[in-house]
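Trainee: Sharing a structure here in structure tokens format.
2 protein chains.
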Amino acid sequence: MDLPSLDSLVTPAAIVDLDRVEANLQRVAAYTREHGLRWRPHTKTHKTVELTALQLRAGAAGATVATLHEAEVMASVADDVLVAYPPVGPQRLARLMALPRHVRVTVALDSREALDGLGRAARDAGRTVGVLVELDMGMRRVGLQAPEEAVALARAVADTEGVRYEGITFYAGHVRTPVAEQGPVLREQASRVGTFVTALAAAGLKPPQVSGGSTPTLWRSHEVAGLTEIRPGVNVFNDRNSAALGACAWTECAYSVLATVVSTAVPGQVVIDAGSKALAKEEGVDPAGGYGALLDRPEVVVRGVSEEHGLLDVSGTAWRPRVGERVRVVPNHVCTSVNLHERLHVLRSGAPHATWSVAARGW
Amino acid sequence: MDLPSLDSLVTPAAIVDLDRVEANLQRVAAYTREHGLRWRPHTKTHKTVELTALQLRAGAAGATVATLHEAEVMASVADDVLVAYPPVGPQRLARLMALPRHVRVTVALDSREALDGLGRAARDAGRTVGVLVELDMGMRRVGLQAPEEAVALARAVADTEGVRYEGITFYAGHVRTPVAEQGPVLREQASRVGTFVTALAAAGLKPPQVSGGSTPTLWRSHEVAGLTEIRPGVNVFNDRNSAALGACAWTECAYSVLATVVSTAVPGQVVIDAGSKALAKEEGVDPAGGYGALLDRPEVVVRGVSEEHGLLDVSGTAWRPRVGERVRVVPNHVCTSVNLHERLHVLRSGAPHATWSVAARGW
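Just so you know, the sequences run in chain order G and V.
Per the numbering used here, the first sequence starts with residue 59, numbered consecutively.
Per the numbering used here, the second sequence starts with residue 59, numbered consecutively.
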């Protein structure tokens, strides 16, 4: 296959540094091995079969997904798939049951409605689906609030034919504390998890698995006593938010958007062809603000985006690129940027290595 | 073709009300006819061939695009294409020159670099490309700042073989003033346009076309004296921002995202399966905040989004949906939401009518 050079790519284009990806995977594999944690990475970040395969080869126990399309795509390489999303609605249930029989399927849910639908579908399909009862650890998005609610739902899971009680799960996505300052947050999380586990154990429903984790808290996951599994997503690529929180070094950012300077007509400003349709428009946690920063000049921030325009703030640098020059941007949040691209241009040692399809986009 | 009913669609799904689209197009066609304005709608909003065809049938003079992929896709139905984006880089130029010969191609640009590259490419290809000189009307994104800059670039355009001087263009996308209060803004715009036109005319470069317009200012475009053309994009569908500014009635919103309620575990909150990967995460101008509102209950706002979750604020309503119920969300900004979907499910009189591909996604 003849791969285009970086210079010949149409911009904006999604670029992946495979050496950095592999180092990121080795690092999390070593960490989870060291601490006896199961690693089931969230593949919504990359939506790419080849990357799931790399994660499994590096030691991942399975693939976490959010959508049924992701489940279908990742089931081509993973024989353990966790749908970390309530399986609500006949379409989701039908597709869940149609996943290949050899795939061990688990879902997260927080309601009787979801459980009852799942149980019926599983019995009709003659298969058994694992269930993790979803708890809210303070994000206030989904998840049960109180231990007695968790006990009631876990008991219903245990009593439902067609499903298998696998334990509890949560996602503390609200934690945006820098890594060095996460002590109190993690102690609180451990204490809250403990309360749920104790209540469940007292009811004879000790959770076999306690699944949690996120990229910002990744390297301190072992401080949450009782945790058996983590599901970091972003970590495969990292992004500007991860770096700002200290969850990675800037040089561990493995994803960037290649862009071309298209205008310098407004004095003191440089406009590139990567905007909200290539980077996504997400506020970040970096105190410098903006929507991303240049890979090779992190002091240059994308201070504004419209659909096909990114506005670079060059006030803090003497660098003055000309129209036509190319740059690479690390977005604040990699997941929503990747989702805007049809394919990833993969580099090995800086040279074109492969083109991978972001195959699990859409639903 | 057997079309799925709304109930059987996988959610989230992009829904288009074709009756409303057609009424929106008739309205802008009548307005531009009445005021002698050329209407060249921006097709980046829908990226859909079928909708460009409808716009042309309703009286549009051509298709405006931002990317070369949009240009290639829309050239299949439009014989007049304006690339309202600087044609910077060899890839853009090669693709521009490869557009079908019968298509009248115009580009907007604001630099000598862009002009010189375009001239060379056009001469090499043996074709003539129209040029609109881009001005900044206060958005401070792209565009020349001063009349003397515009005169110099317009003269260079007139002197460049392979290109055709067609006039000036601008996009006042920063105007977020409610329609009823736009008087002063539009008078200032008219005055600024007048200064440029006078300077150009004095230099013997009177602009044949003065191209502007946006959806928020659409219905008062005729107050900008000298304007010959408008390029509204959003107006085909409208969105929550357009409604908040008074540029459309809520009942003129023709696009929504169908979603399913997946969790009500957090008290006082309803979670749907349309998040930032279906609605896009864009702050809006509606004083109620959030990222969208329900089509049938505009008082219910999507107050937060994560990738596959939308959090509905139900504090202002007695409505308490159950898990599994379906709703339709009008996003703040329709362009970035449409761009997240592979296809549009089109309704006529509320019933499935067609499925259209969002064919011009990507670059």
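We treat Cβ as the ideally placed atom computed from N, Cα and C, and that holds for glycine.
With distances taken between CB atoms, is the gap from V358 (chain V) to V372 (chain V) smaller than 8 Å?
Mentor: Here residue 358 (chain V) refers to the residue found at position 300 of the second sequence. Here residue 372 (chain V) refers to the residue found at position 314 of the second sequence. For V358 (chain V) and V372 (chain V), yes; Cβs fall inside 8 Å.
Trainee: Per DSSP, what kind of secondary structure is F295 (chain G) in: helix, strand or coil?
Mentor: Locating residue 295 (chain G) in the first sequence gives position 237, where the first residue counts as 1. Three-state DSSP puts F295 (chain G) in coil, outside helix and strand.
Trainee: Taking only three categories from DSSP, how would you classify D75 (chain V)?
Mentor: Sequence index remark: in the second sequence, residue 75 (chain V) carries index 17 (1-based). Reduced to three states, the DSSP call for D75 (chain V) is strand.
Trainee: So within the region 73-111 of chain V, which uninterrupted alpha helix (DSSP H) runs reach at least 4 residues, ignoring any that extend past its ends?
Mentor: Within the region 73-111 of chain V, the complete alpha helix (DSSP H) runs of at least 4 residues are 76-92.
Trainee: When you compare the CB of T256 (chain V) with every CB in chain G, is at least one pair closer than 8 Å?
Mentor: Here residue 256 (chain V) refers to the residue found at position 198 of the second sequence. Judged by the 8 Å Cβ criterion, T256 (chain V) is not in contact with chain G.
Trainee: How far does the beta strand (DSSP E) with I394 (chain V) in it extend, from its first residue to its last?
Mentor: Here residue 394 (chain V) refers to the residue found at position 336 when the second sequence is read from its first residue. The identity of residue 394 (chain V) in the sequence shown is Thr, whereas the question assumes Ile. Element bounds for T394 (chain V): not the beta strand (DSSP E) but the alpha helix (DSSP H), 392-396.
Trainee: Report the residue from G:H127, G:L285, G:A152 whose alpha carbon sits nearest the alpha carbon of L244 (chain G).
Mentor: Mapped onto the first sequence, residue 244 (chain G) falls at position 186. It is G:L285 whose Cα lies nearest to the Cα of L244 (chain G).
Trainee: Whole angstroms are fine: how far does the CA of R298 (chain G) sit from the CA of N390 (chain G)?
Mentor: Numbered from 1 along the first sequence, position 332 holds the residue referred to as residue 390 (chain G). Numbered from 1 along the first sequence, position 240 holds the residue referred to as residue 298 (chain G). Cα-Cα distance, rounded: 5 Å.
Trainee: Among V:C306, V:C393, V:V363, V:A71, which one has its Cα closest to the Cα of N82 (chain V)?
Mentor: Along the second sequence, read from residue 1 onward, the residue named residue 82 (chain V) stands at position 24. Checking every option, the nearest Cα to that of N82 (chain V) belongs to V:C306.
Trainee: Any C-beta of chain G sitting closer than 8 Å to the C-beta of C311 (chain V)?
Mentor: If you number the second sequence from 1, residue 311 (chain V) lands on position 253. Output row for C311 (chain V): interface = no.
Trainee: Anything in chain G within Cβ reach of P274 (chain V), meaning under 9 Å, just list it in chain order.
Mentor: On the second sequence, position 216 is the one that residue 274 (chain V) refers to. In chain order: nothing, as chain G lies at least about 14 Å away.
Trainee: Quick check for students: name the residue ranges of the alpha helix (DSSP H) that lie wholly in the region 200-231 of chain G, counting only runs of 4 or more.
Mentor: 205-217
Trainee: Under 7 Å, CB to CB, which of the residues in the region 133-151 of chain V have a partner in chain G?
Mentor: Considering only beta carbons, the part of the region 133-151 of chain V lying closer than 7 Å to chain G consists of Y143, P144, V146, G147, Q149, in chain order.
Trainee: Counting contacts by CB-CB distance shorter than 8 Å, is H367 (chain G) in contact with chain V?
Mentor: Looking up residue 367 (chain G) in the first sequence gives position 309. Yes, H367 (chain G) counts as interfacial toward chain V.
Trainee: Check W414 (chain V) in the structure and name its three-state DSSP category.
Mentor: Along the second sequence, one-based indexing puts residue 414 (chain V) at 356. Of the three classes helix, strand and coil, the one that applies to W414 (chain V) here is strand, per DSSP.
Trainee: Establish whether the CB of S321 (chain V) and some CB of chain G are separated by less than 8 Å.
Mentor: Indexing the second sequence from 1 puts residue 321 (chain V) at position 263. Yes, contact with chain G.
Trainee: Taking G270 (chain V) as the reference, give the member of V:D331, V:P379, V:G291 with the closest Cα.
Mentor: Taking the second sequence and counting its residues from 1, the one referred to as residue 270 (chain V) is at position 212. With distances taken between Cα atoms, G270 (chain V) lies closest to V:G291.
Trainee: Could you check how far apart the C-beta atoms of P211 (chain G) and L173 (chain G) are, in whole angstroms? I think they sit under 8 Å.
Mentor: Position 153 of the first sequence, counted from the first residue, corresponds to residue 211 (chain G). Position 115 of the first sequence, counted from the first residue, corresponds to residue 173 (chain G). The sequence given here places Leu at residue 211 (chain G); Pro does not occur at that position. Rounded to the nearest angstrom, the Cβ distance from L211 (chain G) to L173 (chain G) is 7 Å, consistent with a contact under 8 Å.
Trainee: Quick one, are the C-beta atoms of V268 (chain V) and G225 (chain V) less than 8 Å apart?
Mentor: The sequence position of residue 268 (chain V) within the second sequence is 210, counting from 1. The sequence position of residue 225 (chain V) within the second sequence is 167, counting from 1. At a Cβ-Cβ threshold of 8 Å, V268 (chain V) and G225 (chain V) count as neighbours.
Trainee: Restricting to Cα atoms, I'd like to know which of G:T125, G:H100, G:T318 is closest to L114 (chain G).
Mentor: As a position in the first sequence, residue 114 (chain G) is number 56, starting the count at 1. Residue G:H100 is the option with its Cα nearest to L114 (chain G).
Trainee: Can you check the region 356-391 of chain V for any beta strand (DSSP E) of at least 3 residues that lies completely inside it and give the ranges in chain order?
Mentor: Taking only runs of at least 3 residues, the beta strand (DSSP E) segments lying wholly in the region 356-391 of chain V are 359-364, 367-371, 384-389.
Trainee: Answer yes or no: do R361 (chain V) and L369 (chain V) have a C-beta to C-beta separation smaller than 8 Å?
Mentor: As a working mapping, residue 361 (chain V) is identified with position 303 in the second sequence. As a working mapping, residue 369 (chain V) is identified with position 311 in the second sequence. The answer is yes: Cβ separation under 8 Å.
Trainee: State the beta-bridge partners of T318 (chain V) as determined by DSSP.
Mentor: Taking the second sequence and counting its residues from 1, one reaches residue 318 (chain V) at position 260. According to DSSP, T318 (chain V) bridges with V:R384.
Trainee: Under 8 Å: do the region 215-230 of chain V and the region 158-178 of chain V share three or more Cβ pairs, one atom per stretch?
Mentor: yes
Trainee: Starting from the C-beta of T103 (chain V), find all residues in its chain whose C-beta is less than 7 Å away, skip the five residues before and the five after it, and write them out in chain order.
Mentor: Along the second sequence, read from residue 1 onward, the residue named residue 103 (chain V) stands at position 45. Excluding positions up to five away in sequence, the list reads G291, V292, V294, F295, V392, C393, V396.
Trainee: Where L190 (chain V) and P148 (chain V) are concerned, what is the direct C-alpha to C-alpha distance, given to the nearest angstrom?
Mentor: Start at 1 with the first residue of the second sequence, and residue 190 (chain V) comes out as number 132. Start at 1 with the first residue of the second sequence, and residue 148 (chain V) comes out as number 90. Looking at the two C-alpha atoms, the distance is approximately 20 Å.
Trainee: Starting from the N-terminal side, write out each stretch of the beta strand (DSSP E) that is 3 residues or longer and does not extend beyond the region 327-359 of chain G.
Mentor: 327-330, 350-352
Trainee: Determine the burial state of D138 (chain V): buried for a count of at least 16 other Cβ atoms within 10 Å of its Cβ, exposed for fewer.
Mentor: Residue 138 (chain V) sits at position 80 when you count from the first residue of the second sequence. Classification for D138 (chain V): buried.
Trainee: Relative to the C-alpha of T23 (chain G), which candidate in G:M195, G:E207, G:Q240 has its C-alpha closest?
Mentor: Here chain G comprises residues numbered 59 to 421, so residue 23 (chain G) is not present and cannot be evaluated.
Trainee: Quick one: does the C-beta of L154 (chain G) sit closer than 7 Å to a heavy atom of the ligand GTP?
Mentor: For the ligand GTP, the structure offers nothing, since it holds no ligand at all.
Trainee: Just verifying my parser: in three-state terms, what is the DSSP assignment at D138 (chain V)?
Mentor: As a first step, residue 138 (chain V) is located in the second sequence; it is residue number 80 there, counting from the start. Correct three-state label for D138 (chain V): strand.
Trainee: Is the Cβ of Q203 (chain G) closer than 8 Å to any Cβ of chain V?
Mentor: If you number the first sequence from 1, residue 203 (chain G) lands on position 145. Yes, Q203 (chain G) counts as interfacial toward chain V.
Trainee: Kindly indicate which residue of G:R98, G:L109, G:I288 has the alpha-carbon position closest to the one of V74 (chain G).
Mentor: Locating residue 74 (chain G) in the first sequence gives position 16, counting from the first residue. Taking only the C-alpha atoms, the option nearest V74 (chain G) is G:L109.
Trainee: Against chain V, which members of the region 94-109 of chain G pass a CB distance test of less than 8 Å?
Mentor: K102
Trainee: Below 8 Å between beta carbons: does that hold for E192 (chain V) and L202 (chain V)?
Mentor: Stepping through the second sequence from its first residue, residue 192 (chain V) is reached at position 134. Stepping through the second sequence from its first residue, residue 202 (chain V) is reached at position 144. Contact: yes.
Trainee: Rounded to whole angstroms, what is the Cα-Cα separation between V146 (chain V) and V320 (chain G)?
Mentor: In the second sequence, counting from the first residue as 1, residue 146 (chain V) sits at position 88. In the first sequence, counting from the first residue as 1, residue 320 (chain G) sits at position 262. V146 (chain V) and V320 (chain G): Cα-Cα distance of roughly 6 Å.
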